[in-house]
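Residue numbers (my numbering): 246 to 624.
The structure appears right after this line, and notes come after that.
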């Protein structure tokens, strides 16, 4: 029995030793595996997305139809397609654009004339010349007259020449058209050239809101005569463009100054405008290569492309003066419809001094007419 017990005890001790070694080996293997296993990664910090650039400041352009059709409409379209900024267009009239910029209601004005000296609403503003255009007399294609002289224009607008017969046409009255708004760009520039006064009173019985409406009227009136810009009607087959002193308007005749009534289209802004940076950006775009390409597409000449025209200013003035035998200019018999002018101003800028003055002139004209009628009855 002792032998058996001894044998059994020894066998048990051996089994215990085997299990102990196996356990030790398992612990070592688990330790090695744990050491080889990579440490868990810390959660990655959220990557900050780059901030989107601030939206470009939207600006407002307001002005006449001459600059709108001449280059502004296409310029704004390309400016926005190029994602350079946003421009809201408000085409109406020269004076409404200039006054809106002065009052802070718009950022840029479109004008077919330069600043008017001494007008308080235009002080503190810069008029940037953008393109060369031309002032052109227009009539119906049914009218046989093809040319008009500077002297004839001078007399027609003062009411001293009233028949197409005086111009070599039919014995029919000249139905003279003009824009009703005061200090309109086209009208101002024309009168400055003819009379050296942009606000010269003229004899025009047919007044329109803008040059677009004026052109529409001309197309259906074989005896009509009015002025607009070359860029607006050069391709309009429903309108005849008259030559002036035998010279026809064209990009070439504007560039060399041979057409005497060339003119400038402007963008104007306040020197202290609230959106000054965005305004300057758009104005600079107008004189960029992209802007000039748009200007040329409309038969205009970029201002920088014809520096000689600036130098020829005095020469041009002398030419016009030499072709006009100027009798003393008096207030025409038929002054531009005071009621129409007053109505226009009271609707567009009712609180302006111009509106109140026009209202007084209209009232005075009505009183004078009434008094004249009363005098006729008494006689």
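Virtual Cβ for every residue (Gly too), placed ideally from N, Cα, C.
It should be emphasised that the depicted structure is a prediction, and the values quoted were computed from it without experimental measurement.
- Taking the Cα of residue 452 as reference, the smallest distance to any Cα among 475, 425, 437 and 429 is reached at 425.
- Membership of residue 462 in any beta strand (DSSP E) is not indicated; the residue belongs instead to the alpha helix (DSSP H) covering 456-464.
- In the three-state reduction of the DSSP assignment, residue 317 falls in the helix class.
- Residues of the same chain with a CB within less than 6 Å of the CB of residue 435, apart from the 5 flanking positions on each side, are 380 and 472 in chain order.
- Look at the beta carbons and you see the segment 401-409 not touching the segment 480-496: under three pairs across the two are nearer than 8 Å.
- The beta-carbon separation of residue 470 and residue 389, rounded to 13 Å, does not stay under the 8 Å limit for a contact.
- Membership of residue 560 in the alpha helix (DSSP H) is indicated by the continuous run 558-567.
- By the 16-neighbour rule on beta-carbons within 10 angstroms, residue 307 is buried.
- Here residue 332 really is in contact with residue 321; their C-beta atoms are around 5 Å apart, less than 8 Å.
- Between the segment 370-378 and the segment 498-508 there are three or more C-beta pairs closer than 8 Å, enough to call the two in contact.
- Taking the C-beta atoms as reference points, residue 514 is found nearer than 8 Å to residue 370.
- Annotation for residue 485: 383, 384, 385, 386, 388 and 391 place their beta carbon closer than 8 Å to its own, counting only its chain and skipping 5 residues before and after.
- Between residue 361 and residue 367, the alpha-carbon positions lie close to 7 Å from each other.
- Around the beta carbon of residue 438, 16 or more other beta carbons lie within 10 angstroms, which makes this residue buried.
- Residue 372 has 513 as its beta-bridge partners, per DSSP.
- In this structure, the CA atom of residue 394 is about 33 Å from the CA atom of residue 318.
- Distance from the CA of residue 467 to the CA of residue 315, rounded to the nearest whole angstrom, comes to 26 Å.
- Residue 356 counts as buried, since at least 16 other C-beta atoms from the protein chains shown sit within 10 angstroms of its C-beta.
- Taken through DSSP and simplified to helix, strand or coil, residue 477 comes out as helix.
- If you draw a straight line from the Cα of residue 421 to the Cα of residue 464, it comes to about 13 Å.
- Per the coordinates, the alpha-carbon of residue 544 lies some 6 Å from the alpha-carbon of residue 476.
- DSSP places residue 541 in the helix class (H, G or I) of the three-state scheme.
- Excluding five sequence positions before and after residue 433, the CB atoms of its chain that fall closer than 6 Å to its own CB belong to 358 and 443, given in chain order.
- Collapsing the DSSP output to three states places residue 519 in coil.
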